[in-house]
Each structure stands twice: as C-alpha cells, then as structure tokens.
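The structure appears right after this line, and notes come after that.
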Amino acid sequence: MKVVVIGTGFGKHAAAPAYQNVGFDVEVVSPRDDAAVKNALASDADLVSVHSPPFLHLEHVTAAIEHGHAVLCDKPFGRNAEEATAMRDTATDAGVANFLNFEFRFNESWSKLKDLADAGIIGTPAHLSWSFFGSGLRGRKLGWINERELGGGWIGAYGSHLIDFTRWLFGSDIVDCGGVTRTDIPGATAEDGYSAWFRLADGATAAHDTGFAAAVPSTPRVTLIGSAGTIELTGDTTLVVRRPGEEPDTTEFAPPPRRTPPPALSAFFARVAEALRTGAAITPSFDDGVAVARTMDQLRAKAS
C-alpha cells in the first residue's frame, strides 16, 4: 500500500518512518508546495496522511477526500470545531475511511491504565488527575504553534491528546469544562500552559495541569481514582495499583524511547493498515476529532 504524507516536520521525521515500519510505500511532500501536493493527491495512493499545520488541515483533508482517498489527520483537528465538523461531514458524505492521529492511546503505559480500568481493578473509575510540565517551547523560534489564529497553543498540541484519552478512558463524553490558561513565551498569542477541570456524562471528573514553557521539565504524574482503589502512573514508567488491605501492585515499563518513530505511532499505523485492507471502521476517527475540538473550543472560551 502507498501513503502520501503531507508534512516535512512530524510528518517526515516521525509519521513517514512509522508507515515504513508497517509496510507502506511512502511519499512525503511539503504542505507549502501546492504543486507537489496536487500531484501527490492525483496519484493512486491508498491513504493520505495530513501532518501540515492546523490552519492547512481543512484544505488538505478536503482535497484528499475529493480525490477519493482514505485520510488520516494529525491533531489538533483543524483550528476549531467548525473546521473539524466540516472535515468529518465531508468524509462521511464521501464514504471514505478516516482516522485521527491520537496515537498516545497506544502508548504502552497509557494502554495498560485503560485495560486495568476496564477490568474493574479499582472498581468504578471516578476521577483522573494528570500533571505534566515540559520546557520545549523555551528558547524556540516563534512559529504557528505560538499563534492562536493559526491553530497553535498547548491545548491543541498536548491537551487534545489528554482530552481524547480522558474520553476514551471513561468511555463517556465530556459535557462541561473550565479552567485557566497561561502564556509565558514573549510574543506568543497562543497559550503554552493550562489548568482545567472536566465533567463527563457518566458523572466522572478529570483535572489537567500542564504546560510546555517551564524552566525545567518535571516528571509526568497521573492518578486514576476509583470506587475500590487507585492507579498511579509516574513518568510513563511506573504504574502502581493500590487497593484497601492489599500490597501495592507495581508494573514497570521501559523509559519512553527517544528514537523515531515512537512505538505508539507504529502500533496505531499497523491498525490503520489492517483497517484499509479489511474495510473495518476503527477508532480514533474523525468523530473523535470533532468531539475533542468541541471540548477545546469550550475550554478556550471559558478559560480566563
């Protein structure tokens, strides 16, 4: 199978090798080379994988669908829920397969957390607390990720993954949210940190406290509280189940690799390849992208 990858950043350096890992023939084109994009979309590709900046998603996803291609789009899914809905509806009307790149679902430790919750190890999950601070936006040249009008901001870059994971973990939609945002990078118009609360349709709650402009990075810490225990995940490497009257049950994971492509991305793309071969519908899809985009719009509108 052949995939056209639109994107010379994450697309070229992470997505393309991940596709090669699972057996795709890969063509990479620059999102700003209109002629190259046009020629690639006119080819007999089995999939178009859009990793251009968010402000170009609507253009590239729509063009791919118009050529009859199955489409995978990176997150955040466009600049807002309006664009996300337009892309989802266009794909649905055309009947093409569609996938949303929430690949963090396939991180080994995140998947284990989900499996344990689904197995009822801690009873009924009731609250998720997630904290992570990095320093990746410090000392970096300003670009689209720092501009809100272009679809930039930490809510879209990382929060989209956490919002998707929160929905997926609880198996329930987010019905309300609020919080505060921070912008510590001089000259930026988009947030580089946020602290937010979420309420889900099943009554569960969640809290995210995260940013990417800290002076130094800190260890990610996750706690899932259930009716009969808790699950703690530290640094994506140490998962501990705690239940009343029992010794803690600890699972260790290898440190997240620094190599490209990330194993989670290859795992997701392997599922995409199988879906294309069999015609099966899988998640995460454009429907998930729309749901997350709506929550992000609500959070941005209510955050102070």
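In my numbering, the protein residues as written are 2 to 305.
C-beta: ideal position from N, C-alpha, C; glycine also.
On a predicted model such as this, the values are computed, not experimentally measured, just so you know.
On the three-state DSSP scale, how would you describe residue i?
i      : result
Pro349 : Past the edges of the chain, shown from 2 to 305, lies residue 349, and the structure says nothing about it.
Phe78  : coil
Glu148 : coil
Ser132 : strand
Glu1   : What the structure shows of the chain is the stretch from 2 to 305, and residue 1 is not part of that stretch, so it cannot be assessed.
Thr279 : helix
Ala108 : Checking the sequence shown, residue 108 turns out to be Asn, not Ala. If DSSP states are grouped into helix, strand and coil, Asn108 belongs with coil.
Lys142 : coil
Ser196 : strand
Val273 : helix
Phe100 : strand
Ser53  : coil
Asp116 : helix
Gly10  : coil
Glu247 : coil
Arg183 : strand
Asp90  : helix
Based on Cα-Cα distance, which residue from the options lies nearest to residue i?
i      : options                           : result
His58  : Leu240, Gly153 and Phe107         : Gly153
Ala202 : Thr296, Lys13 and Thr63           : Thr296
Ala205 : Val176, Ala82, Glu28 and His162   : Val176
Thr211 : Gly121, Ala281, Asp185 and Gly227 : Asp185
Phe78  : Val23, Ile226 and Glu60           : Glu60
His52  : Gly144, Val29, Thr93 and Glu247   : Val29
Ala268 : Val23, Asp45 and Thr93            : Val23
Ser130 : Lys142, Gly157, Arg200 and Gln21  : Arg200
His162 : Gly12, Gly10, Lys13 and Ala292    : Ala292
Thr93  : Phe287, Pro245 and Ala304         : Phe287
Glu314 : Lys39, Pro285 and Pro256          : As shown, the chain starts at 2 and ends at 305. That puts residue 314 outside it, with no answer to give.
Ala98  : His68, Phe171, Arg141 and Asp26   : His68
Answer with buried or exposed for residue i, where buried requires no fewer than 16 other C-beta atoms within 10 angstroms of its C-beta.
i      : result
Glu104 : buried
Lys76  : buried
Gly290 : buried
Arg168 : buried
Asn102 : buried
Lys115 : buried
If you measure between the beta carbons of residue i and residue j, is that distance less than 9 Å?
i      : j      : result
Val1   : Val5   : Here the chain covers residues 2 to 305 and nothing more, so residue 1 does not appear.
Pro221 : Gly236 : yes
Ala189 : Glu148 : yes
Leu138 : Trp111 : no
Ile123 : Ile7   : no
Leu266 : Ala16  : yes
Pro263 : Ala19  : yes
Leu277 : Ala65  : no
Thr231 : Thr239 : no
Ile164 : His209 : yes
Could you give the residue range of the beta strand (DSSP E) that holds residue i?
i      : result
Gly230 : Gly230 to Thr235
Lys303 : Segment Phe287 to Lys303 is the alpha helix (DSSP H) holding Lys303; no beta strand (DSSP E) there.
Ala207 : Thr206 to Gly212
Arg222 : Arg222 to Gly227
Could you spell out where the alpha helix (DSSP H) holding residue i opens and where it closes?
i      : result
His58  : His58 to Glu67
Val38  : Asp35 to Leu42
Thr167 : Ser161 to Phe171
Ala189 : No alpha helix (DSSP H) holds Ala189; DSSP gives it neither H nor E.
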